[in-house]
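The numbering of the sequence shown is the UniProt record's numbering, which starts it at 1 and goes up by one.
Note that beta-carbon positions come from the ideal geometry of N, C-alpha and C, so glycine has one too.
Please read all numbers here as calculations on a predicted model, not as lab measurements.
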Amino acid sequence: MSETESLDSFPPTKPLELEKGLTLVPRVKLNFTIYPNPATAAMAMSKPINEWKLKLALLDFFKSSLTVPITVPEDDLQIQRLGDLKKRKRDDPVAQGSLAIRDLGFLSKTRINNEEEEEEDVKVLEEKYLDWRKYLLEKMDGLDLNLEGVKYKLNVAVPASDDFEAMKKAWEDFYAFRNRGYSRGGKQEPDTIIMRGVPSRWFAEPLVSSKPSMLVTHSIFSRLGNIRDLNVSEDNDLGKEAEETKSVVSGLNCKIVVQFEKHSDFYNALKVLCGRSLQKQGARLKADYEVTWDKDIFFRNSRSNTQDRTSRMPEMAVGNYRSEAPRRQQQNTRFSPDDARRKRFKD
């Protein structure tokens, strides 16, 4: 990846190399929920859904029912049963899952004189990517499946974390209201990204700690733009959700909040993070993180809380705190729970 290659013209089908052996790899992801068909709802209530046969039916669908047949590795098709069979109601979903299609090379090729050539136009690639995802969504949503005489129906949706256009509309509506007579500083636009569900060890200092490091995290996200402020912490909320859904192991993931210097850097970074997974060199795991924009003004609120807390500290204790602003001072590279709310002081 060339250092001069700009993110505002980066194709959606191309991997983006970061620091520390990390790469953002493209994919199309869909979430689905499986409901019993009313015609056989009574049978669906009497026995659990066969997850293995359901997976085989979907894998066969991808190979035989699409204009471009695709092969999906079993690990990229996740299915989980829902609810207690004895307490289930007729309209309750019986399972949920997710699909990740990572081999998107066919989208970047076009036929000219019966020969395939690489597509260079980024706008064309973006349109092909979105059109194909829409096509796949329409083919799968409402799909009827017959498993051992029991009929089921799929409801399919694009994850909120992958829908950049929806997020863009949400922040435009949000700031349009705030800018209508309520802002003294001119037009307001988002500049902060929140990322959840990435392995903490990928952002840690090797041989030092398994917990995420501010210094390592800063070097990784600097590839996406000039950083104004940064916060990284263990994702305790995701850990609680993991215990309920059993989708990830609690305590092994972190939450990263990145504030960029300019809205344009934020815009390009969020766009390139949408529709991708994070992969570590030499690791088989691909982290399907969640990413969104910050509407709660995390850093302003965290500074206010820090000011309230430090104003009650003895003067000598305050002197022990160091800045988290990596562009201005040397960083504290070790992570501790207090890192989440430290105050920056001028020399």
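Annotation: the continuous alpha helix (DSSP H) that includes VAL216 extends over 214–221. When DSSP states are grouped into helix, strand and coil, ARG276 belongs to the strand group. Taking the C-beta atoms as reference points, PRO38 is found no nearer than 7 angstroms to VAL94. In terms of CA proximity to ARG276, ARG27 leads the group LEU22, ARG27, LEU18, SER9.
Cβ contact annotation for GLY21 (same chain, cutoff 8 angstroms, sequence separation greater than five): LYS280, GLN281, GLY282, in chain order.
Within the model, the alpha-carbon separation for MET43 versus VAL150 is close to 7 angstroms. Every unbroken stretch of the beta strand (DSSP E) spanning 3 or more residues and falling wholly within the segment 118–200 is given here in chain order: 144–147, 150–157, 192–199. Between the segment 283–295 and the segment 165–175, the count of C-beta pairs closer than 8 angstroms reaches three or more; the two stretches touch.
With a contact defined as Cβ atoms closer than 8 angstroms, VAL272 and LEU224 qualify at about 7 angstroms.
For ASN146, the closest of HIS218, LYS55, GLU19 by C-alpha to C-alpha distance is LYS55. Membership of ASP229 in any alpha helix (DSSP H) is not indicated; the residue belongs instead to the beta strand (DSSP E) covering 227–234.
DSSP places GLU74 in the helix class (H, G or I) of the three-state scheme. Between the alpha carbons of ASP144 and THR33 lies a gap of roughly 12 angstroms.
Uninterrupted beta strand (DSSP E) stretches at least 3 residues long and entirely within the segment 15–57 occur at 22–26, 28–36, given in chain order. Non-local beta-carbon contacts of ILE227 in its own chain, meaning distances under 8 angstroms to residues more than five positions away in sequence, involve HIS218, PHE221, VAL258, GLN259, PHE260, GLU261, PRO326, ARG327 in chain order. According to DSSP, GLU290 shares a beta bridge with ARG196. When DSSP states are grouped into helix, strand and coil, GLY97 belongs to the strand group. Cα atoms of ASN236 and MET195: separation of roughly 13 angstroms, rounded to the nearest angstrom.
With fewer than 16 neighbouring CB atoms inside 10 Å of its own CB, TYR135 falls in the exposed class.
Within the model, the alpha-carbon separation for ASP91 versus THR40 is close to 11 angstroms.
The C-beta of SER213 has 16 or more other C-beta atoms within 10 Å across all chains shown, which makes the residue buried.
In the three-state reduction of the DSSP assignment, PHE266 falls in the helix class.
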